[in-house]
Structure formats: structure tokens, C-alpha cells
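Following: one structure in C-alpha cells, then a few remarks.
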Amino acid sequence: MKSPVFLLSLPRSGSTLLQRVLMGHSQIASVAEPWILLPFLYAGRTEGVLAEYSHANACKAHKDFVNNLPGKTRDYYSILHDFLMTLYSYQCKNNELFFLDKTPRYHLIIPEITMLFPEAKFVFLFRNPVHVMGSVMRTWGDGGFRKNYAYENDLYEGPMNLSEGFRILKDRAYALRYEDFVNAPERYTREICDYLGLCYEQGMLEGFSSRNPKGRMGDPTGVLEYSEVETGALNKWRETFNNGFRKKILRKYLASLDSDDLLLMGYDRCSILHDIARLPGGPSGVVRDALDYGIGRVIKKLKLNIWFGRKTGPWAGDSFLS
């Protein structure tokens, strides 16, 4: 294997679609969503992890251990690099040149990835954040706000993290917008191949929905709906934000995002606001939406998803409330 390729995007941005298209190349291997870098790179972070072993103390011990290495952080990253490169290469079962790691939450660790893999390739896939929120609601919230609290880091911090990451990497990265890709898929697939130093292969854009990335993470719906790259998803957000309350929340969300970050990704705040203004603003479903949104705010504020979650509740209560 020559190097990893990191496909960096927010969830619900078309990354699974692009991943499966690129998997059609004979020199690109991939699996669903590895997430493999997150625990290793969060080991040295004081915040962001809740664990029964006390991550705060583990972080102190980790830093002490690293600082006692002859080359300190340089040695740690060098050895970690070799270990992870070995894991990636084992996934290249047909001796492919590149392993594509498509993990949306990597927007949280882009600076560390750049230090860990100086030889890596980076493909940034941007999508209008308003469209991303709509897709999150349709996919995980039954069309409403009930699960938005679980994706606040992605929705609110993600655009900033991706923009900052691209500012750091723009001289060695390739960027495209989802909206552009679905309108001209062959053009942008060819450009990505050029960026990787590969020749475009016929068939990359055919049969992508049947390519199995082997894993449980990733797009559970969209990519299976289409046999070819289509533009049908571009207007689905208009169907989602279909009353006055949803428009209000959408404007509030847009106001929280930095204008420069939006422009860097290829989006203009005023243009998006104009599109929002043209959406219907009737009262249908407002009470239910307000209730779902309010409950989500309470869950997020009190961390009820941790204390009472189906997977985390049993051990979190015993470990932290006893």
C-alpha cells in the first residue's frame, strides 16, 4: 500500500456514495467506516471521552509515558503511524495502492491526522449544512428533530472543523461539493483519480450500489436507492423544512455558522437564507416539532442519553452515580 486516503465530510454528505464509486477502482480498497484513529488520537485528549477507567487519569498517564520516550511525541506518532499503516495494508487484500478511510467523525481530529500521516491524501467532500441537517432528520429522526441532539457536534462544530482542516491542507488536498459531484460525477471522479495519480477506470460509476464495503457503519438508506448517481436528493431538504417552526430553527442554525467557513466550502449565507424564505411556513406539525426539539434540548443539557441510553445507561449509572 502506498498511503491512506482520508475522505473527510460531515455525516449525510454523500460520502458513502463517493466511497463506493471510488471502490470501483482496482487500486482503491475500503471498508465501511473504520473509526480506527479516534481512540488512539483521543488517548491524549483531556476532554471528549467518558469511560469507567477514568479517562482523565489515563490521559495524564499517557502524556507521562509519551514524554518519557526519547523523541517524545515524535516517537509516539512514528510508531503509531507504522502500526496503523500495517492495519490499513492488511485491508488491501488485492495489493491495492490506496486504502480509503471514510469516517465522518474524523472532522474532530484533522490536525492530528495530518501530523500522523504526512504522506496521506485528503479528499474533502462538502455539502450545504442546511441539506445535511435535513438528511439527518430524515435518516435518524423519523423526519423530525427528535434525534438532532445526537448529531450536534457534527452539525455545529463539523463545518468549522472541516473548514479549518482544509485551510491547513489545501495545498495537498482535493475538495469538491456534493452538489457538483452528483451533477457531473464522471468529471469529479476523474479529477480525484488525477489527484491520486491514477488513471480513471471505466465502470467506476456503474454498479456502485452493489459494492459492499463490509461493515455496519455508513449510509443505511440513500446509496441503496439509486443504481446511478442522481440529483434527486438535492431538493429533499425542502420537503423536510415544511412549516414555520422548522424554518425558524433552520435560520437559527445557519446563524450559528461562520460566513467565512460557509464561503470556503462554496456556500453563501444570503443565498441560503433566500432559499429558506421561499419554503412554506404553515402551522402543520408545529406543536409536535416544538415538543421534539425541546425534549432534545433537555436530553443534551442533562446528558440523559448517557444516563438512560440503551447501551450506556446500565454501566454509566453503576460507574458514575453509585
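Position 124, counted from 1, in the sequence shown is what our numbering calls 124; the numbers after and before it change by one each time, with no gaps. Note that the Cβ used here is the ideal one computed from N, Cα and C, for glycine as well. Values in this document were obtained by computation on a predicted structure and should not be read as measured data.
Pairwise C-alpha distance: residue j and residue i
i    : j    : result
R251 : F126 : 20 Å
N212 : S15  : 14 Å
L69  : T114 : 21 Å
A316 : A58  : 18 Å
S13  : S256 : 19 Å
Q27  : Y195 : 14 Å
R167 : L10  : 16 Å
S322 : G141 : Here the model assigns S322 a pLDDT of 40, short of 50, so the residue's position is not dependable, and the following value carries that caveat. Between S322 and G141, the C-alpha separation is close to 32 Å.
A290 : L264 : 33 Å
L7   : K102 : 5 Å
R45  : G71  : 19 Å
P34  : K214 : 10 Å
H107 : A51  : 22 Å
G134 : E157 : 17 Å
R138 : K60  : 41 Å
E191 : L22  : 12 Å
V49  : P314 : 17 Å
K63  : A43  : 9 Å
L234 : N128 : 10 Å
L198 : D82  : 24 Å
G296 : L304 : 10 Å
Bridge partners - residue i, DSSP secondary structure assignment
i    : result
Y174 : V123
F98  : S3 and I28
Which listed residue (the options) has its alpha carbon closest to that of residue i
i    : options                   : result
I36  : L22, T46, P104 and M1     : P104
D275 : N242, Y293, G296 and G294 : N242
L84  : V286, D258, K2 and Q27    : K2
Y267 : R187, L176, K236 and M204 : L176
P111 : N161, H55, L97 and W237   : N161
G282 : R269, R246 and S163       : R246
I272 : V286, V182, H131 and K236 : H131
K248 : F308, F145 and L234       : F145
V182 : P4, L17 and L8            : L17
L97  : Y77, E119, E239 and H81   : E119
F99  : T189, Y188, C270 and H25  : H25
P4   : L41, S89 and Y53          : S89
Per-residue DSSP class, three states only, for residue i
i    : result
L327 : No information on residue 327 is available, as it lies outside the stretch 1 to 322 that the chain covers here.
C193 : helix
D142 : coil
E164 : helix
Y88  : helix
Y151 : helix
C199 : coil
E33  : coil
K72  : coil
T312 : coil
field: beta strand (DSSP E) runs wholly inside the stretch 204 to 287, at least 3 long, in chain order
entry: none
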